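Visitor: Below is the structure I would like to discuss, written out as C-alpha cells.
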Amino acid sequence: MKQVYLLFTLLISASLFSQEVITQKVNSKELGKDRNIKVYLPKGYDVDETTNYPLAIVLGDEYLFDLYVGNAKLYANVDKAPRQIVVGIDMKNTYGKDISIIPSNNSLTSSGVHFFNFIKHELIPFMEGNFRTSPFMTIVGEGKAANFITHYLKDEKPVFNSYICITPDFPQFAPAIMESYSLNRLGAIDNTYFLYTSNNKKYIDPSQYNRFSDIRTLLTSYEAKNFNVVFDEFDSSPSYLAMIGETIPRAFTQMFSLYSKITKEEYEANVKDLAPLDAIKYVEKKYLDIQYLYGSNLNVRLDDIFVIEDIVIDRQDGDYLRVLGDFVMIKYPDSHMGDFYIGKYHELGKDYEKADFYYKAAYGKMDPSDPNANAFYENIKRVNDLMGSKKKEEINNEEIIEEQEEEGQE
C-alpha cells in the first residue's frame, strides 16, 4: 500500500511540474548543435506581464533541477525569496565532456570552454530574449560541476550573482587557481555576490577535504563586503544524498536574506536603536535595495511598517508619525493605516479636530466585518471626549479671564 501511495504522489508531482515546466531547444554555435533545456516558470508568470524574475541555471535537468524548483516554490510561497525562473540543461549524454577540466592546472578543456561560452554567450541571451528575467542570476552545480561553475568568477565582471557549489570536487591545483582570480577585486564592483559551498568530511577523501579547507581559508579572508562567502559543513547529515538536499535551502537563506521581512535578528542588529526618521529611511532603503539586487518591484510589506511603529510613536514625542503616515499612504492608499498614523500624530499634538478627521477617514476605509473595526472606533470616541474636555477647559479659562478683567475694572 505504501508503494502505491508513493507512486501516486510521484505521479501527482510530475503532473504539477508538467504544468509549469516547458522544454526548449537552444541553437548553439559553440556546441555545434541544439541543446535541450527545461524551463520552470513561476506561479503568476502568465498573469502579471510586467514582473521580471531572477534566473537560476542548474547544470543538469534531472534530480537537481527538481530539488531547486521545489525549494524555489517553497521559499517564494512563504515570502522568503522572490519567484524565480529556473533552467535545467540537458547533460545526460555530455555531462563529463561539458564540465571537463585539465587536472594538472584546473583549466577548462576545449569542450569545457565551449560549454562555458554556451551558457554565458548563448543560453543567457536566449533566456533574456524570450523570458522576463531580472539581472540577478544564480548558477548551481554538484561535484565536478560545482568546481566548473567557479570558473565564472574569474571574469572581470562575473555574470552570475550567486554560485551554489554542492559538495564541490576540487582538483589538486584549485586553491592556487582560485587565488589567481584575485576575488578581492569584487569589492570595487557595484553589485553583490554570493558563494555558498557545502561539504562533509565523512564523505570525501582527506586530500579533497584539505583543498576545500584551503579554499575556504582563502575566500573568507577577503575584505570585499559585497562578496558573501559561506563554506558549510553538514556534520550531522546522515548521508551524502541528504547533504545535497540540505544545501539548496541553506543557500537560499543566505542569498535571499535581504528579500525577507525584517527578522528579529535584523531588528536587534540594525533597527532597534534608530531614531524614528532613520527607522523609516531604513525600511525605505531595504526595499530599494531589494529592487536593485533582485529586480523585484516589491511593495513595502505592512509587517515591516509594524516593526518600526513603536519606534516612531514612542520616540521624539511622535513627531515623525506624519512622515510615516504619508509614507504608508503612498504605498497603500486604500489602507487605513496611513490615516491612522497621521491621526495619531495630531492627537499627540493635541490637535483633536484634525485627529478626529483622520481617524474617521481611516475608519471609513476599514471593512465593517474587520474584527478590529469596533476597537478602532475607540480612537474616534477618545479624541471626541478630548475635544469636549478641551472646549470645556477653554470656556472655563475664558470665564476666569472675564472675571479677572471685571475685578480689575472695579
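Read in order, the letters of the sequence shown are residues -18 to -1, 1 to 392 in mature numbering (1 follows the signal peptide of the UniProt record, and there is no 0).
All C-beta atoms in this analysis are idealised placements derived from N, C-alpha and C, irrespective of residue type, glycine included.
Keep in mind that this is a model prediction, so the values were computed, not measured.
So within the segment 143 to 199, which uninterrupted alpha helix (DSSP H) runs reach at least 4 residues, ignoring any that extend past its ends?
Guide: As far as the segment 143 to 199 is concerned, its whole alpha helix (DSSP H) runs of at least 4 residues are 156 to 162.
Visitor: Taking just the CA atoms, how far does D333 sit from L284?
Guide: Spanning the two alpha carbons is a distance of roughly 27 Å.
Visitor: Taking only runs of the alpha helix (DSSP H) that begin and end inside the segment 302 to 327, which ones reach a length of at least 4 residues, in chain order?
Guide: The segment 302 to 327 contains these whole alpha helix (DSSP H) runs: 303 to 313.
Visitor: Where does residue 477 land, buried or exposed, given buried means 16+ other C-beta within 10 angstroms?
Guide: With the chain covering only -18 through 392, there is no way to say anything about residue 477.
Visitor: What first and last residue would you give for the beta strand (DSSP E) that runs through T5?
Guide: Per DSSP, T5 belongs to the beta strand (DSSP E) from 3 to 10.
Visitor: Between the alpha carbons of T120 and S144, how many angstroms are there, rounded?
Guide: Those two C-alpha atoms are separated by around 5 Å.
Visitor: Using a Cβ-Cβ cut-off of 6 Å (strictly less than) and excluding sequence neighbours within five positions of R65, which residues of its own chain qualify?
Guide: Counting only Cβ-Cβ distances below 6 Å, and skipping sequence neighbours, we find P24, Y35, A58.
Visitor: Using the beta-carbon count (16 or more within 10 Å), is L(-9) buried or exposed?
Guide: Reliability fails at L(-9), whose pLDDT of 42 lies under 50, so the model's placement of it is uncertain and no value is given.
Visitor: Could you say if the segment 6 to 13 and the segment 33 to 51 meet the contact criterion of at least three C-beta pairs nearer than 8 Å?
Guide: No, they do not touch.
Visitor: To which residues does DSSP link residue 464 through a beta bridge?
Guide: This structure cannot speak to residue 464, because the chain is shown only from -18 to 392.
Visitor: Once the 5 residues before and after K374 are set aside, which same chain residues still bring their CB inside 7 Å of it?
Guide: The answer is none, since no qualifying residue turns up.
Visitor: Skipping 5 residues on each side, what residues in its chain have a beta carbon closer than 6 Å to that of F155?
Guide: So the list reads N87, N88, once near-sequence residues are dropped.
Visitor: For P36, does the three-state DSSP call read helix, strand or coil?
Guide: P36: strand per DSSP, three-state reduction.
Visitor: Take H133 and list the residues in its own chain whose beta-carbon comes closer than 7 Å to its own, dropping the five residues that flank it on each side.
Guide: So the qualifying residues of the chain are L90, F98.
Visitor: By Cβ distance, which residues of its chain are closer than 6 Å to Y213, with the 5 residues on each side in sequence left out?
Guide: First, the amino acid is wrong: residue 213 is Phe here, not Tyr. Once the five neighbours on either side are set aside, the close Cβ partners of F213 are T179, R198.
Visitor: Determine which residues share a DSSP beta bridge with V122 and list them.
Guide: Answer by DSSP bridge pairing, in chain order: V40, I146.
Visitor: When the Cα of K207 is compared with those of S195, L165, P188, P220, which residue comes out closest?
Guide: That would be L165, whose Cα lies nearest to the Cα of K207.
Visitor: Can you give me the Cβ contacts of V(-15) inside the same chain, cut-off strictly under 7 Å, excluding the 5 residues immediately before and after it?
Guide: Annotation note: pLDDT 41 at V(-15) (below 50); position unreliable, coordinate value reported separately. Counting only Cβ-Cβ distances below 7 Å, and skipping sequence neighbours, we find nothing.
Visitor: According to the neighbour-count rule (16 or more other Cβ atoms, all chains shown, within 10 Å of its Cβ), is K(-17) buried or exposed?
Guide: Reliability of the predicted coordinates at K(-17) is poor, the pLDDT of 37 falling under 50, and the value obtained from them is presented with this limitation in mind. Exposed: under 16 other Cβ atoms inside 10 Å.
Visitor: Could you please give the first and the last residue of the uninterrupted beta strand (DSSP E) stretch that includes V212?
Guide: V212 -> beta strand (DSSP E) spans 209 to 215.
Visitor: Taking just the CA atoms, how far does Y341 sit from F322?
Guide: Whole-angstrom Cα-Cα distance: 6 Å.
Visitor: One question on the structure: do P150 and A170 come within less than 9 Å of each other, judged by their Cβ atoms?
Guide: Not closer than 9 Å, so no.
Visitor: So, is N182 buried or exposed, given that buried needs 16 or more other C-beta atoms within 10 angstroms?
Guide: Burial call: buried.
Visitor: Looking only at its own chain, which residues have a Cβ that is under 8 Å from the Cβ of D349, when we skip the five neighbours before and after it?
Guide: Cβ neighbours of D349 beyond the five flanking positions: A355.
Visitor: Quick one: what's K373 bridged to in DSSP?
Guide: Note: K373 sits in no beta bridge, so no partner.
Visitor: Could you tell me if Y269 is buried or exposed, where buried requires 16 or more neighbouring beta carbons within 10 angstroms of its beta carbon?
Guide: Per the 10 Å Cβ criterion, buried.
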